[in-house]
Amino acid sequence: MGAIYKREMQAYFTTGLGYVFCAVFMAVTGFAFAMFTVQVAMSGADINLPLYYTVVIISLVVLLPILTMKSFAEEKKMKTEQLLLTAPVSLSSMVVAKFLAALTVFGACLGATCFYFTVISSYGTPNFGVLYGYIIGVFFLGSAFIAVGIFISALTENQLVAAVGTIAILMVMIGINFLNPYIDSAFIRGILSWISVYERFDRFCYGQFDFAALLYYISICFSFIFLTVRVYEKRRWA
Amino acid sequence: MIKVEGLVKHYGDKYAVNNISFTVGDREIVGFLGPNGAGKSTTMNILTGYLSATDGKVEIDGHDILEDTMAAKRSIGYLPEIPPVYPDMTVKEYLDFVYELKGCKLNRRKHIEEVINVTKIADVYNRVIKNLSRGYKQRVGIAQALIGNPKVIILDEPTIGLDPKQIVEVRNLIRTLGRDHTVILSTHILSEVQAVCDRLIIINKGKIVADKPTEEISQAVMTKCRLEAKISGPEKDVLYAVRSINGVTRCESVGSELDCTTYMIESEAGLDIRKPLFNLLASRNWPLMGLTTMGMNLEDVFITLTVDPARDKSKKRKITK
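Take a look at the structure:
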């Protein structure tokens, strides 16, 4: 497992994909932070953190699939998966290693955004509890996105299909939240809000640290990692 | 070392492998021979645990590939048809990665050094794999299979896409490997197995057609001796004279050059007609420009063993009509 994790991390930075992800993510979040918090704070008004985090999450919907698109699709295309699947390594540790590698790159970038808070603190005393609560929320939301991306990547050998497919699915997962108010039936609304990943995040916006939501995101991770393992098991038996 | 019993693999109602059984002993080099789509790669993929069989049992060094997967996989080094190399890594990084992936517990530096010496890739050790030639990539692929010193080495079409010099080198390498490892290699090139393997398993349409020592198979179909002779002389007279040699069953001209004609001469099994042929030509003053033995190759073996008899008969019938 360690070997695959190391190889994945190395590949992110030798192919340049990791740098592109980090650069774009930092640029987008940096810009959004400046617009919605620093500038607002300079004018003396209250900073708009929920809006900043909405931008962060929407950028993740586009950027995380780019990070995960190659994880299995490329292995399949280059036929290197034969090496992994015939090596004395279990399927689950192979999938988890790839998941952790993508999570590390994402986590490091997200961690780096904490630096922004030192900027805002020079304009006043922000509630650091809320800020870090947000960061943790985004981290778990992002890890759920990565698990979905890795699963889609295992289904195809075309990286572009993997990326676009993942973006589409994540958009649906996010979009349900915006669609919900237009639905009359309370029953359907209930079901939709249950699968809405964004609705869970809402509670972080009110400064609540929601363990139920974290558990929800973690269970999404496990489900999709499990499904990815199943994809490989099924392929072996097909 | 390898025990395969009643192996079956079907995709839908198409049988890729249909009830194959064989065993391979310790330090044996076995060739898997068959036309494209015969089921060679499928069998190898099942042996290495990449695919699962629909039915049947595979044991590698006493470990069942399904029940004792990790131990079985640890005893195998596998080179698939396309070498599974990462183009963005250097050879050094790649071999280190494979070493860790296989969880080896040998002296890393010494072991990797041994492997690169055996496969002769020391001069590209620090180069990025995507910049290597096809031959080097193949050798890096073989090196990968050797990492961890597995007891069994499985090579799927190891010489495909290589130039003649590289083919000879890889064959020599395989022969060297056979001293310490059990080797199974697949190919559809007949001279390859002839040059390298102790034993031959011929497979067609998912079934084993023959499983014998290489020499035995070549001899089995060597019912006739065939010579190709280039003789300078009047064609009609030469044909007549050669046909009159004791033991010659057939003589035909198959082509002509400037001042000599090429003849295909068949004689009864076990009868060497080269001396009488030479004496005849000398007495008539017809210079012998060249003489080669034909019909010893595995091509004949292969065709004889794998051609579907029913289809062959219908073909012949059509021709006679």
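Order-wise, the sequence lines are chains A and B. The first sequence lines up with residues 1 to 238 when you count with my numbering. The second sequence lines up with residues 239 to 559 when you count with my numbering. Even glycine gets a Cβ: it sits at the ideal position worked out from N, Cα and C. No experiment lies behind these values; they were computed from the predicted model shown.
Spatial neighbours of residue i within its chain, please: C-beta separation below 6 Å, excluding the five flanking residues on both sides.
i	result
Leu509/B	Gly485
Pro318/B	Asp394
Gly528/B	Lys468
Tyr53/A	Tyr134
Cys22/A	Cys109
His301/B	Ala309 and Ala310
Arg377/B	Thr357 and Ile359
Gly165/A	Ile152
Pro321/B	Lys375, Gln376 and Gly379
Which term fits residue i, buried or exposed, when burial requires 16 or more other beta carbons within 10 angstroms of its beta carbon?
i	result
Gly417/B	Strictly speaking, residue 417/B in this sequence is Arg, with Gly absent from that position. Under this definition Arg417/B is an exposed residue.
Tyr288/B	buried
Val172/A	exposed
Lys553/B	The predicted position of Lys553/B is uncertain, since its pLDDT is 44 and thus under 50; a value taken from the coordinates is nonetheless stated next. Burial call: exposed.
Gly242/A	Outside the shown range of chain A (1 to 238) lies residue 242/A, about which nothing can therefore be said.
Ser196/A	buried
Thr261/B	exposed
Leu273/A	Nothing about residue 273/A can be read from this structure; chain A reaches only from 1 to 238.
Cys114/A	exposed
Asp81/A	Note on residue identity: the sequence assigns Glu, not Asp, to residue 81/A. Per the 10 Å Cβ criterion, buried.
Val40/A	buried
Leu515/B	buried
Leu84/A	buried
Leu411/B	buried
Ala479/B	buried
Val406/B	exposed
Lys252/B	exposed
Do you know how far the Cα of residue j is from the Cα of residue i?
i	j	result
Arg488/B	Ile511/B	12 Å
Glu331/B	Ile350/B	11 Å
Met9/A	Glu233/A	25 Å
Tyr501/B	Val431/B	29 Å
Phe270/B	Arg235/A	25 Å
Leu428/B	Ile503/B	23 Å
Gly175/A	Ile169/A	10 Å
Ser59/A	Met26/A	10 Å
Arg365/B	Asn355/B	16 Å
Gly399/B	Arg372/B	7 Å
Phe240/A	Ile225/A	Only positions 1 to 238 of chain A appear in this structure, which leaves residue 240/A out of reach.
Arg347/B	Ala213/A	48 Å
Leu423/B	Pro396/B	7 Å
Tyr337/B	Met282/B	22 Å
Gly30/A	Ala45/A	19 Å
Thr104/A	Tyr5/A	10 Å
Ile188/A	Glu199/A	15 Å
Ala11/A	Val95/A	16 Å
Phe139/A	Ser122/A	25 Å
Met534/B	Cys342/B	Confidence in Met534/B is poor, its pLDDT being 48 and thus under 50, which makes the residue's placement unreliable; the coordinate value appears in the next sentence. So the two alpha carbons sit approximately 45 Å from each other.
Gly243/A	Arg7/A	Since the displayed chain A opens at 1 and closes at 238, residue 243/A lies outside it and no answer follows.
Pro472/B	Glu495/B	13 Å
Asp449/B	Cys435/B	12 Å
Val28/A	Leu49/A	15 Å
Write down the C-beta distance between residue i and residue j rounded to the nearest angstrom, noting that I regard them as a contact closer than 8 Å.
i	j	result
Ala276/B	Asn442/B	5 Å
Gly137/A	Phe201/A	6 Å
Leu285/B	Ile240/B	7 Å
Leu333/B	Asn387/B	With 8 Å as the limit, Leu333/B and Asn387/B do not qualify as a contact, their Cβ atoms being about 13 Å apart.
Leu415/B	Val421/B	5 Å
Ala101/A	Ile220/A	The Cβ separation is near 19 Å, so there is no contact.
Leu339/B	Ala87/A	5 Å
Leu67/A	Phe106/A	7 Å
Val353/B	Thr292/B	At roughly 35 Å, the Cβ-Cβ gap does not stay under 8 Å, so Val353/B and Thr292/B are not in contact.
Gly142/A	Leu64/A	6 Å
Arg437/B	Val268/B	5 Å
Asp326/B	Thr14/A	5 Å
Ser313/B	Val390/B	6 Å
Val447/B	Ile440/B	4 Å
What does DSSP give as the partner residues of residue i in its beta bridges?
i	result
Gly493/B	Thr500/B
Arg488/B	Glu504/B
Gly424/B	What sits at residue 424/B in the sequence shown is Ser, not Gly. DSSP, once it has assigned bridges, lists Phe270/B and Asp394/B as partnering Ser424/B.
Asn442/B	Lys445/B
Among residues of its own chain, excluding the 5 on either side of residue i, which ones have a beta-carbon nearer than 7 Å to its beta-carbon?
i	result
Gln159/A	Met69, Lys70, Ala73 and Glu74
Glu466/B	Thr500, Met502, Thr530 and Met532
Asn256/B	Val246, Gly444 and Lys445
Asp264/B	Met239 and Thr420
Tyr316/B	Thr286, Ala383 and Ile392
In chain order, what residues of the same chain have a beta carbon less than 8 Å from the beta carbon of residue i, not counting five sequence neighbours either side?
i	result
Tyr374/B	Ile359 and Val362
Gly2/A	Ala97
Val61/A	Phe145, Ile167, Leu170, Met171 and Ile174
Tyr324/B	Tyr332, Phe335 and Ile367
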